[in-house]
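Undergrad: Under the working numbering, think of the first position of the sequence shown as 12, with each following residue one higher.
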Amino acid sequence: MNYSFKRRRILIDPVQFRLFAVHFLHIVIILVVFAATLFVPLMMQLGSETLSWVEKEEVANQFLALHRRVWPPLIAVFVLLVIHLVVFSHRIVGPLVRFRMIFKAIAEGNLTVRSTIRKHDYLQKEADGIQEMVDSLRTKFKGIEEQSGEVREGVAELKRAVASGSVEDMKRNLKGLEAQMERLKAYVDQFRTTP
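1) Where do the N-terminal and C-terminal ends of the alpha helix (DSSP H) with Phe-110 fall, by residue?
2) Going by DSSP in three states, Asp-132 sits in which element: helix, strand or coil?
3) Would you report the Cα separation of Phe-152 and Glu-164, rounded to the nearest angstrom?
4) Only counting the same chain, and skipping five residues up and downstream in sequence, which positions put a Cβ closer than 8 Å to that of Leu-148?
5) For Ala-32, is the classification buried or exposed, using 16 other Cβ atoms within 10 angstroms of its Cβ as the cut-off for buried?
6) In this structure, does DSSP put Val-124 in helix, strand or coil?
7) For Ile-141, is the classification buried or exposed, using 16 other Cβ atoms within 10 angstroms of its Cβ as the cut-off for buried?
8) Please confirm if the stretch 46 to 54 is in contact with the stretch 69 to 76, defined as three or more CB-CB distances below 8 Å between the two stretches.
9) Tell me which residues share the same chain as Gly-154 and place their Cβ nearer than 6 Å to its Cβ, disregarding the 5 neighbours each side in the sequence.
10) Rank Ser-126, Leu-91, Ser-63 and Leu-85 by C-alpha distance to the C-alpha of Gly-105 and give the top, closest one.
11) What is the DSSP secondary structure of Pro-25, counted as helix, strand or coil?
12) Taking buried to mean at least 16 other C-beta atoms within 10 Å of its own C-beta, is Arg-20 buried or exposed?
13) Taking 9 Å as the threshold (C-beta atoms), are Leu-42 and Leu-85 in contact?
14) By how many angstroms is the C-alpha of Arg-102 removed from the C-alpha of Leu-185?
15) First and last residue of the alpha helix (DSSP H) that includes Gln-191?
16) If we ignore side chains and look at the alpha-carbon of each, how far apart do His-131 and Gln-27 end up?
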């Protein structure tokens, strides 16, 4: 099944907001350190008492020229990094939100869920692992359902034998029922419910 999914919100989960906030702070710190490295020495020269007005004018011109040349590309890089950060966070948080929905469906007993995520999302191996788990659970529960059906049939046969009063039929049906119960127990024993 091929489907197209359009995101309606930029921030889709509190985890994404925290991820975005931390990385945004890192970007701002890097930009502030970069700008301080470029401009603080010139600002200190402008405030210096030892420079003449002509030298201060030259430093001021350098300062203004640097402002004109540095800020536009720096702002462009900042905007591109923020856009990249949003895309990056969607590729992590999107699958996590999908996994939560899958876990909730499994907890409600729905084993028909598929752990498909978008082609370019991260956590592909984890999605495959979840799908493998769901497939395994589905297979085991199908085995339990089949054995449960056989046990029900065995009980029905035993009831008919009791109604007919045939002791031999009852013994044969009981043995068959015991074998079916053992097979059912083998399927159920695949699950550990105590640590």
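Just so it is clear, CB atoms sit at the ideal spot from N, CA and C, and this is done for glycine as well.
TA: Reading it off the structure:
1) 64 to 118
2) If DSSP states are grouped into helix, strand and coil, Asp-132 belongs with coil.
3) Rounded to the nearest angstrom, the two C-alpha atoms are 18 Å apart.
4) Ile-117 and Leu-122
5) exposed
6) coil
7) buried
8) yes
9) Tyr-198
10) Ser-126
11) helix
12) An exposed status is given to Arg-20, since fewer than 16 other beta-carbon atoms sit within 10 Å of its beta-carbon.
13) yes
14) 57 Å
15) 178 to 199
16) 17 Å
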